[in-house]
DNA sequence: CAGCCCAGGTTCGGTCATTGAACCTCTGGC
DNA sequence: GCCAGAGGTTCAATGACCGAACCTGGGCTG
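Protein chains in written order, with full-length UniProt numbering: chain A, 1 to 179; chain B, 1 to 179.
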C-alpha cells in the first residue's frame, strides 16, 4: 500500500485514492476488468502476475468495494466491477491515453476506444474520456475498443498469445465477458 | 518501478504510463507540482516523504521528461512541469476526484477546482476534468483551487501546518509558485 | 468410487524497494 | 572563519514482491 501509516497525515483525496488503487499491479488488474476479464486464471495468464499478489490485490479491491466477487459455478468465483469501480473509468482512460501519447517507444499494444452508442455516429475518445462527436463522457459500457491496425502501430515487440490478448485484437465492447 | 523487468511483456499503454508514474509517491509529487510547489524542501515538508525517495522520484521524473530541473539561484534548483507533465492533468484530476467521492471516510483535505478563465462564468470541474459551464477541458493554468468550506468538509483530522498546506487553504491558481 | 484435473488459492525462502537517521557539500551571510 | 540552509547521499533494518512448491474442493472419467 502506498504511504502506509502515513495515510492519515495526507490531507488529500488523491492520497486516499492511491491507498486502494496505487499499489503495483492494481490498475492493470482493473483495466482487465473493464475489458471484461473476470476470472483469476485469465487475469494471471494475461498479466503474468504472481498468484499471491493477484490474490492479495483482488481481496483488497473487493474489500474496498471496487470489485464484487460472485460465484458463477459451485466452487468457482468471478470478479466484477461495482458502481464505485466503474467510476474509475475516466482516471484509467486518461492515464492510458497519456501513456499512449507520451511513451510510445518500444511497445505496441496501442488501442483505440470508440463511442459505439453515440447518437452522433461515434468517434475515438478524446482527452478526459470525452466523445468528440456528441460531447458527452460515455460510460464504459457504451464503448468499443480495438487494437490499432498494424500499419498504425509502430510496436515491434512479439505479441502476447494468451486467450485474452488474442480476443482483444478484435473489436470488443467493454465489460462484455472475455475471453 | 511497477512491473520492473516485465515492462516489455505488457502490451499496454497503461503499463507504460505506470512504469514512470506508478511508483509510490510519484503522483503525489506531481500533484504538488500542479499546485505550484517547486522546491525540494517544500515537497518534503508537505508530503513527509523520505529524502532519498524524493530525490529518486524527482530524478526519474526529470529523466522521463515530465519535470524540468532548472536553477533559480546559484546552487539552488527548482522542478517545473514540462508539456508532457502538464498533459497528466486529466489523469491526476480524475483520480483525485474519484478519491474525493468514493473514499470520503476519515480524512478531510477535500478541495474544489474551478474554471477561473471560463467565458461562461466558470464552475467546479465535472468528471473527466470538463468545465460544465463552457463544456471544454480547461488546462491547469486556467484553474483555481481551494479547500472546501469547513461546513462542507466532514474531515475530523488535525490539519497539517507546513507552509504549503497553509497556502493551499486559500484560493490558489494552479501552477502559480507556492508557498 | 478411485483417481485425476482444474480453479483458485496459501506458504515459503530469496531478493528488491522503502524507511528514518546520520552524514556530506556547496553557497551565502555575518 | 563560522554557521545555516538547500539539496543531496549512505546505511542498516524493515516490509513488499517474486517464483516455485504445496494445498483444497468440486467435477469428470472409467
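The beta-carbon is built from N, C-alpha and C at its ideal position, and this holds for glycine as well.
- If we count Cβ pairs, one from each stretch, closer than 8 Å, do we get three or more for the region 78 to 90 of chain A versus the region 96 to 105 of chain B? yes
- Message: Determine, for residue 173(A), whether the minimum Cβ-Cβ distance to residues of chain B falls below 7 Å.
- Response: no
- Message: Tell me which residue opens and which closes the beta strand (DSSP E) that residue 14(A) is part of.
- Response: It is not in any beta strand (DSSP E) - residue 14(A) instead sits in the alpha helix (DSSP H) that spans 13 to 21.
- Message: Excluding the 5 residues flanking residue 37(B) on each side, which residues of the same chain have their C-beta closer than 7 Å to its C-beta?
- Response: 43, 46, 164, 178
- Item | Contact the region 54 to 69 of chain B vs the region 24 to 35 of chain B: 3+ CB pairs below 8 Å | yes
- Message: So that I know if they touch, is there some Cβ in chain B lying closer than 7 Å to that of residue 128(A)?
- Response: yes
- Provide the residue(s) that pair with residue 145(B) in DSSP beta bridges, ordered along the chain. 113(B), 172(B)
- Item | Whole runs of the alpha helix (DSSP H) within the UniProt domain "HTH hxlR-type" (12 to 107) of chain A, excluding any shorter than 4 residues | 13 to 21, 26 to 35, 40 to 47, 51 to 63, 83 to 86, 89 to 102
- Query: Around the C-beta of residue 72(B), are 16 or more other C-beta atoms found within 10 angstroms, so that it is buried, or is it exposed?
  - Reply: exposed
- Message: Am I right that residue 138(A) and residue 131(A) are in contact with their C-beta atoms under 8 Å? What's the rounded C-beta distance?
- Response: 5 Å
- Query: Is residue 172(B) closer than 7 Å to residue 145(B) when the C-beta atoms are compared?
  - Reply: yes
- Cα separation between residue 121(B) and residue 136(A)? 20 Å
- Item | chain B contact residues for residue 140(A), given Cβ-Cβ distances below 7 Å | Within 7 Å Cβ-Cβ: nothing; residue 140(A) doesn't reach chain B, min ~12 Å.
- Would you mind giving the Cβ-Cβ distance between residue 67(B) and residue 33(B), rounded to the nearest angstrom? I have them listed as a contact below 8 Å. 7 Å
- Do residue 14(B) and residue 166(A) have their C-beta atoms closer together than 7 Å? no
- Message: Checking the sheet assignment: what are the DSSP bridge partners for residue 125(B)?
- Response: DSSP output for residue 125(B) lists no bridge partner at all.
- How would you list, in chain order, the residues of chain A whose beta-carbon sits under 7 Å from the beta-carbon of residue 15(B)? 28
- Give every residue of the same chain whose Cβ lies closer than 6 Å to the Cβ of residue 168(A), excluding the five residues on either side of it in the sequence, and list them in chain order. none
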